[in-house]
Structure formats: C-alpha cells, structure tokens
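Participant: Before I ask anything, here is the structure I am working with.
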Amino acid sequence: MNKKIVTLLLLAFILMFEGIYVFFIYEPSYNFVCDGEFSYNDSESKDLLDGNISFSLNDKMQGHAEITGYLTKNGVSQDVIRSVDFKYHVVAPKRIVIYDAQLITYFHDSVDESFSPEPILDFLFFRNKDLKEINISVHKIKNTYLFGRANNFVFACTS
C-alpha cells in the first residue's frame, strides 16, 4: 500500500514539474528583433568578414536574417549583402532549428555563393546546396542574444 502511495506521489510530482517546465521555462516560440556588428576571421583561410547582422524571429515560427558588410578573401574586398527568410521551430529550451530558408542575394553582392565561414551561417551563404536544417543555440543575457552551436558563440545582437 505504501509503495503505491509513494509511486503515485512521485508520478504527481513529475507531472507537476513538467507542467511548470512547459508553461514557465520552455519557450515554444521567440519574438524579437536584434542587430549588431559582426566580424569573423577564418583561421585557416585568413578570410575576414566584417559588417552588420540583423536577426528576427516572430511567434508565427518565421524569421528573417540579413547580413551586410565586406568580405576580404585572398586580399580582395567584396561586398556582402544577403537576406534570408526562413521558418524555425524550438526543439529545446535555448535551441532552435532553422529550415526552409529562402535566400535573396542582392545585385551589389559580389561574394561567391560557396563562401561560408561558419557552419551556423550556412543559411545565409548556402554553402551546402542541399541544406535542410540548421541547429542553433540561442542564449539571452539582458537584451543581448548570443547565437552559436553548443557553447561556441558565433554572433551576438542586441534588441
């Protein structure tokens, strides 16, 4: 009899914790707009990407990202103007998956589409033509969002 009561209490506690987790901790969607300076130096090729990045997610599970700036590749500076609309879903707290990305390359963009300094930015540069999904970690500290993979932050922006 005591085992059944303990088991039922344990089950009730677990269900209560899951309810608290779903309603207060887990974010089923994000809703923010942020932008910030972006600089990336590829240690292997010595390519340097310098500019601004804008990133937005809405509660309809859609997002938009834009990067503008300059890429110095093999000593030659090229303009970068990329914009992408995408869909996302939250797979865990602080973790999203971007999919169905629709890339827009502007006329003034002179960068070869095969360039991608970091796998997390594949959705902006389409290094992999058969790109399906990208997993991204999203960490918020006050009004700053940090994006990356695991604990490797690739870029930050402020809302």
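Residue numbering for the sequence shown follows the working numbering, beginning at 9 and increasing consecutively.
Beta carbons are placed, not taken as given, at the ideal position from N, Cα and C, and that holds for glycine.
(1) Quick one: using the 10 Å Cβ neighbour count with 16 as the cut-off for buried, is I149 buried or exposed?
(2) Taking the CB atoms as reference points, tell me whether V92 and L65 lie closer together than 8 Å.
(3) Find the nearest neighbour of G83 within the set M69, H72, D55 and G59, judged by alpha-carbon distance.
(4) Report back the beta-carbon spacing between S145 and R103 to the nearest angstrom; my notes put them in contact at under 8 Å.
(5) Quick one: which unbroken beta strand (DSSP E) runs of 3-plus residues sit fully inside the stretch 58 to 94? Chain order, please.
(6) Cα separation between L23 and Y38?
(7) Indicate whether F63 and C42 have their beta-carbon atoms separated by less than 8 Å.
(8) I need the boundaries of the beta strand (DSSP E) containing N151, first residue and last residue.
(9) Out of N151, L79, F155 and L19, which has the shortest C-alpha to C-alpha gap to I106?
Facilitator: In brief:
(1) exposed
(2) no
(3) D55
(4) 6 Å
(5) Taking only runs of at least 3 residues, the beta strand (DSSP E) segments lying wholly in the stretch 58 to 94 are 70 to 81.
(6) 25 Å
(7) yes
(8) Careful: N151 lies outside any beta strand (DSSP E) and carries neither H nor E.
(9) F155
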